[in-house]
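Residue numbers (the working numbering), protein chains in the order written: chain Y, 1 to 431; chain V, 1001 to 1183.
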């Protein structure tokens, strides 16, 4: 308790616990390890700790990096997160299962279909609800569209960080086409709530297919253009090629998955390794890199756009007829027209909307492949209609740990490029 | 996924090998094997966590996909820590779970390297999150601070007895009362 209760006079500048903790992570002992640190008077040997973010356009949100610099060389990085922590996992515990989907979607706000997919799949595994084939294919179409949209935002903002401004506008132009498609199928452009436990909420409307085919025609061409623009940009290439590589073994020990791991040559992709939602029906390739530098990370993601286009095309060609959501009325709402004629449908509707469905007690961890890596959803049910625990193993959260290993010993400009290629989404990191 | 028999075999191997390290109340490292919805879970004695993970790593589960917490309130021991392991070459997953009493929720950290083998660097942020959200203390973690909540926050919000929305929002007009400072 401080003595200056009146608050009138200037109080003694005592450091708060927080500030003292903060000062304790400046890594002063590192100075002794540096070669030539004996010349203490040389200003180049001095370490400088700089706060990078949380409000900085190159941190892709509110990521704060405590960077220890020696001149322009990064000696250490401590990521500090939590600025957009909104307690979504706690909120989810207070909602019935079907009402959890909208809040879950808002975690990683660029890949909302993936969040919903991970949660719905986990609940489907707990309840043993089968998703009909058409529902699975529609999910794949939307997941892959979302993957492209997410990669487009990544490409645009990353290029912006590297000094190429115009490509951002091109990327958003194509993303607009995807969001228009989402609006057609679900009525929303973002956070669509399209995926439900047991399938998808509605079948795709008339005209959707034609529009999607037009997009599939345009997209590879446009991706060619992005590649042509960036691969002939000397500045971009110099900032990407050979900067901040990290080998697959270190990445694995750090728990890194997704395009970052594939860029280092490990072809791990859950869509191929452990197919879910009928991914085994489609013919596609897993792009991998060789050395795992920033250029490989860029190239792998750009190549993934083409593969996603291929998957969507096949899913659209082979789209089976049938229901889009499970016919189990205990989990899915009855069709509108039944409500007027069937008493039973009315009861099911009432039960689902008021209480929601009950899930047998148990717990499950279900991973899927999101644009950033393994997105795992852990759900624990206590038998009631609300989950007892929902946890998202968000790839951005885990991948962020690799940033200091990647950047240590390289220039601060390379750090910007690396953070861009890491593609962290702070909504997913902080949840 | 290992099937039910495979899970029992893994449990047997662990029981055979983990006898030597500090034997606790029950002695055996594996308390229970749970096979649910096609996925295997080993419920283990908390003292054996590093040994069990090291042995599972030696048998192929080299990727620690996730570390997260769970609260079984009002049952005791209520605080659970769950380790999701993945074997990439066999595409096989196994879950290791331990339960801690809320009186003394302490368990060895698996983050740092130790005498009993290398650690799991990926556990760094994830153990900090479990500490932040559930108050589980990871012994030997070099930097066990809050990660998502503010440093000066009190309580562990993901515990089941922590109320939802029970926190007063500070505005200028209720600054004094909301923060609990005397007038």
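Beta carbons are placed, not taken as given, at the ideal position from N, Cα and C, and that holds for glycine.
As the structure is a prediction and not an experimental result, all values here were calculated from the model.
Buried or exposed (CB count within 10 angstroms, at least 16 for buried), residue 1138 of chain V:
That one is buried.
I need the DSSP call for residue 1092 of chain V, collapsed to helix, strand or coil.
strand
Go through the segment 332-382 of chain Y residue by residue and report every complete run of the beta strand (DSSP E) that reaches 3 residues or more, in order.
362-370, 373-381
Nonlocal neighbours in the same chain, by C-beta distance under 7 Å from residue 265 of chain Y, ignoring five residues either side:
248, 288, 289, 290, 292
Does the CB of residue 162 of chain Y have a neighbour CB from chain V at under 7 Å?
no
By DSSP, does residue 204 of chain Y sit in helix, in strand, or in coil?
In the three-state scheme derived from DSSP, where H, G and I count as helix and E and B as strand, residue 204 of chain Y is classed as coil.
Give the DSSP bridge partners of residue 243 of chain Y, in chain order.
Answer is none; residue 243 of chain Y lacks a bridge partner.
CB-CB under 7 Å to residue 154 of chain Y, same chain, minus the five flanking residues each way: which ones, in chain order?
301, 423
What's the C-alpha gap between residue 358 of chain Y and residue 382 of chain Y?
9 Å
Have a look at residue 401 of chain Y and residue 127 of chain Y and give me their C-alpha separation to the nearest angstrom.
35 Å
Comparing C-alpha positions only, which one of V:1097, V:1078, V:1074 sits nearest to residue 1085 of chain V?
From the listed residues V:1097, V:1078, V:1074, the smallest Cα separation to residue 1085 of chain V is found for V:1097.
Residue range of the alpha helix (DSSP H) that includes residue 1006 of chain V:
1004-1017
If you draw a straight line from the C-alpha of residue 339 of chain Y to the C-alpha of residue 98 of chain Y, how long is it?
20 Å
Would a check of beta-carbon distances place residue 1030 of chain V closer than 7 Å to chain Y?
No - not a single Cβ of chain Y is within 7 Å of the one on residue 1030 of chain V.
Looking at the C-beta of residue 188 of chain Y, does it have a partner C-beta in chain V at a distance below 7 Å?
no
Would you kindly work out how many angstroms separate the C-alpha atoms of residue 59 of chain Y and residue 404 of chain Y, rounded to a whole number?
14 Å
Whole-angstrom Cβ separation of residue 371 of chain Y and residue 111 of chain Y, contact assumed at under 8 Å?
Confirmed, Cβ separation roughly 5 Å.
Proximity test, Cβ basis, 7 Å: residue 401 of chain Y and chain V:
yes
For chain Y, check one thing: does any of its Cβ atoms lie closer than 7 Å to the Cβ of residue 1091 of chain V?
yes
What number of angstroms, rounded off, separates the C-alpha of residue 54 of chain Y from the C-alpha of residue 66 of chain Y?
10 Å
Taking 8 Å as the cut-off, does the segment 114-129 of chain Y touch the segment 202-210 of chain Y (at least 3 CB pairs, one atom from each stretch)?
Between the segment 202-210 of chain Y and the segment 114-129 of chain Y there are fewer than three C-beta pairs closer than 8 Å, too few to call the two in contact.
Name the chain V residues that come within less than 9 Å of residue 52 of chain Y, Cβ to Cβ?
Those within 9 Å of residue 52 of chain Y in chain V number zero; the least Cβ separation is about 18 Å.
Please list, in chain order, the residues of the segment 365-380 of chain Y that have any C-beta partner in chain V closer than 8 Å.
365, 367, 374, 376, 378, 380
Is the CB-CB distance between residue 307 of chain Y and residue 284 of chain Y below 7 Å?
yes
Using DSSP's beta-bridge definition, name the partner residues of residue 78 of chain Y.
Y:66
Any C-beta of chain V within less than 7 Å: which residues of the segment 244-272 of chain Y qualify?
252, 253, 254, 255, 268
DSSP beta-bridge partners of residue 391 of chain Y:
Y:378
In chain order, what residues of the segment 1137-1155 of chain V put their CB closer than 9 Å to some CB of chain Y?
For the segment 1137-1155 of chain V, the residues whose beta carbon sits under 9 Å from a beta carbon of chain Y are, in order, 1143, 1145, 1146, 1147, 1148, 1149, 1150, 1151, 1152.
Using beta carbons (cut-off 7 Å, strictly below), is residue 1094 of chain V in contact with chain Y?
So, not an interface residue.
Would you report the Cα separation of residue 1145 of chain V and residue 1127 of chain V, rounded to the nearest angstrom?
10 Å
Rounded C-alpha distance that separates residue 31 of chain Y from residue 413 of chain Y
Reliability of the predicted coordinates at residue 31 of chain Y is poor, the pLDDT of 49 falling under 50, and no value is obtained from them.
Span separating the alpha-carbon of residue 85 of chain Y from that of residue 431 of chain Y:
Answer to the nearest angstrom: the Cα atoms are 5 Å apart.
For residue 1172 of chain V, count neighbouring Cβ atoms within 10 angstroms of its own Cβ and tell me buried if that reaches 16, exposed if not.
exposed
Say whether the segment 159-177 of chain Y touches the segment 228-244 of chain Y, bearing in mind that this needs 3 or more beta-carbon pairs closer than 8 Å, one atom from each stretch.
Three or more pairs of CB atoms, one per stretch, sit closer than 8 Å, so the segment 159-177 of chain Y contacts the segment 228-244 of chain Y.
Note the first and the last residue of the continuous alpha helix (DSSP H) segment covering residue 166 of chain Y.
For residue 166 of chain Y, the enclosing alpha helix (DSSP H) has its first and last residue at 166-186.
Endpoints, alpha helix (DSSP H) assigned at residue 53 of chain Y:
Here residue 53 of chain Y belongs to no alpha helix (DSSP H), and DSSP marks it neither H nor E.
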